[in-house]
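Numbering (UniProt numbering), first residue to last: 1 to 457.
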């Protein structure tokens with residue numbers, strides 16, 4: 001709408017005309033400034049939203065308590081609960097009622113933002129320290145379960161059973177787990193995340209960041225492409241990245257669409273027409289600090305059992321060098337990878353420097369994926385250069401557990417999908433190219449070059 005083409009005031013002459021034209025000019029300039037400021041803020045909100053589409057780490061715990069942005073996140077969850085999936089390009093339609101620059105920088109008093117039930121809700125939550133501990137326990141338990149799932153899928157589709165995947169082709173061993181994790185990300189991380197958060201916010205973190213982030217792995221994907229390139233199969237390595245990206249990208253799309261279809265079925269059968277989904281059983285909702293404590297204690301016991309069993313079985317099978325020994329070691333070191341990835345996810349949506357440039361780029365996910373890929377390449381180089389009896393078991397266990405959980409494809413592809421559906425779809429492909437390009441080039445320097453120069457086999 002052009003405000004300069006229509007003037008509702010009557011025509012004036014003399015000084016009044018000059019004064020009127022000056023006032024009109026000032027209004028135009030004021031509108032132009034406020035529009036540019038509003039557009040810049042809206043663009044920053046959209047950039048931050050796509051960067052945070054996958055994970056924001058421990059900032060989620062703080063935002064659920066205090067942050068103004070939590071109200072926006074809650075509204076998105078409630079919108080998804082109603083049956084619609086909010087895409088990042090819709091965020092620029094949010095009205096920013098702050099055309100004056102000082103209004104933008106002045107924080108609102110938190111007391112004015114609190115609703116009448118907020119104080120009661122805060123009493124129902126755990127103290128911040130216990131909430132952190134509970135979240136770490138959830139991440140560890142679901143991370144170990146993710147390692148188990150990835151290992152079983154690798155064996156199921158591997159040469160010994162179904163024979164779908166192979167180390168010598170672009171259908172790398174971790175492709176099925178990456179596709180399954182991306183598909184489930186569309187269910188648990190996009191469409192039904194709001195419903196899961198109604199039961200427990202920490203459960204939503206455990207399922208998405210902990211389980212799905214550990215089922216999928218970027219470092220294993222990158223390493224298999226390095227293995228192809230070190231043998232001279234460069235075309236297969238490049239196709240492995242391109243086809244792999246296409247498959248996981250379509251997996252999350254397929255997951256979102258099927259989840260929306262399932263939600264539509266629930267909407268037809270629900271008992272709460274105004275909400276669009278059946279009402280949750282209040283017995284399963286963690287709406288009190290006591291229930292939070294009970295859930296934390298139960299998961300702590302489960303974690304203790306998983307670690308104890310893994311330790312005992314590792315002690316029995318370590319000297320055999322079997323894949324089982326690698327799995328049990330992976331279960332012991334996997335939680336550390338999940339925790340590091342969760343803490344680094346706080347960098348997503350923050351950008352660089354005080355001005356927050358490149359806010360659309362999720363630096364937390366980028367750093368974890370590139371770092372895990374480089375460490376895995378280094379371990380693979382050492383593995384080829386040394387001839388120690390049990391080193392292969394240790395190296396493969398660390399690669400399967402710690403590095404497999406440190407890197408992720410489910411979060412990466414959720415961010416990719418959000419960027420692709422935003423106002424700037426080119427960012428998705430630039431982000432994917434940056435992640436894969438940096439990891440592959442550094443992997444060549446760390447892994448390929450020593451193998452070529454030293455003649456490792």
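Glycine included, C-beta positions come from ideal geometry on N, C-alpha and C.
Q. Just how far apart, CA to CA, sit residue 335 and residue 401?
A. 8 Å
Q) residue 439 and residue 217: beta carbons closer than 8 Å? A) no
Q. Got a sec, what are the start and stop residues for the alpha helix (DSSP H) residue 315 sits in?
A. 289 to 317
(Q) Under DSSP, the alpha helix (DSSP H) around residue 335 begins and ends at which residues? (A) 323 to 344
Q) Closer than 8 Å, CB to CB, is residue 236 near chain B or not? A) In the structure shown, chain B cannot be found, because there is only a single protein chain.
Q: Figure out for me which residue from 262, 398, 291 and 363 has the closest Cα to the Cα of residue 382.
A: 398
Q: State the start and end residues of the unbroken alpha helix (DSSP H) segment that holds residue 144.
A: 128 to 157
(Q) Using a 10 Å radius around the Cβ and a threshold of 16 neighbouring Cβ atoms, would you call residue 152 buried or exposed? (A) exposed
Q.
With H, G and I counted as helix, E and B as strand and the rest as coil, what does DSSP make of residue 357?
A. strand
Q | Closest Cα partner of residue 241 within the set 149, 362, 144 and 170 | A | 170
Q) The alpha helix (DSSP H) spanning residue 176 covers which residue range? A) 175 to 184
Q: Pull up the DSSP beta-bridge partners for residue 352, would you.
A: 357
Q. Would you report the Cα separation of residue 97 and residue 349, rounded to the nearest angstrom?
A. At residue 97 the pLDDT is 36, less than 50, meaning the model places this residue with poor confidence; the figure from the coordinates comes in the next sentence. Taking the straight line joining both Cα atoms gives about 22 Å.
Q: On a CA-only basis, which of 385, 136, 53 and 369 is nearest residue 221? Give me that one, please.
A: 369
Q. Taking C-beta to C-beta, are residue 205 and residue 180 nearer than 8 Å?
A. no
Q.
Between which two residues does the alpha helix (DSSP H) holding residue 441 run?
A. 426 to 443
Q.
Please identify the residue among 146, 345, 131 and 318 whose C-alpha is closest to the C-alpha of residue 57.
A. 345
Q) Exposed or buried, which one is residue 59 when buried takes at least 16 other CB atoms within 10 Å? A) buried
Q: Give a yes or no on whether the C-beta atoms belonging to residue 256 and residue 213 are separated by under 8 Å.
A: no
Q) Can you check whether the CB of residue 191 is closer than 8 Å to the CB of residue 260? A) yes
Q: Out of 365, 404, 339 and 338, point me to the one whose CA is closest to residue 351's CA.
A: 365
**Q.** Check whether residue 178 and residue 235 have beta carbons under 8 Å apart
**A.** no
(Q) Just to confirm the assignment, what range does the alpha helix (DSSP H) spanning residue 450 have? (A) 449 to 454
Q) CB-CB under 6 Å to residue 420, same chain, minus the five flanking residues each way: which ones, in chain order? A) 428
Q | Reduced DSSP category for residue 446 - H, G, I as helix; E, B as strand; rest coil | A | helix
Q: Classify residue 270 as helix, strand or coil using the three-state DSSP reduction.
A: coil
Q: Return yes when at least one heavy atom of the ligand MN lies under 7 Å from the C-beta of residue 402, else no.
A: This structure does not include the ligand MN; it has no bound ligands of any sort.
**Q.** Euclidean distance between Cα positions of residue 223 and residue 209
**A.** 22 Å
Q: Classify residue 316 as buried or exposed, calling it buried when 16 or more other Cβ atoms lie within 10 Å of its own Cβ.
A: exposed
Q: Note the first and the last residue of the continuous alpha helix (DSSP H) segment covering residue 197.
A: 193 to 199
Q | Between the CA atoms of residue 137 and residue 158 - distance to the nearest angstrom | A | 31 Å
Q) What's the gap between the Cα of residue 237 and the Cα of residue 226? A) 7 Å
Q) Where residue 88 and residue 189 are concerned, what is the direct C-alpha to C-alpha distance, given to the nearest angstrom? A) In this prediction, residue 88 scores a pLDDT of 45, lower than 50, which makes its location untrustworthy; no coordinate-derived value is stated.
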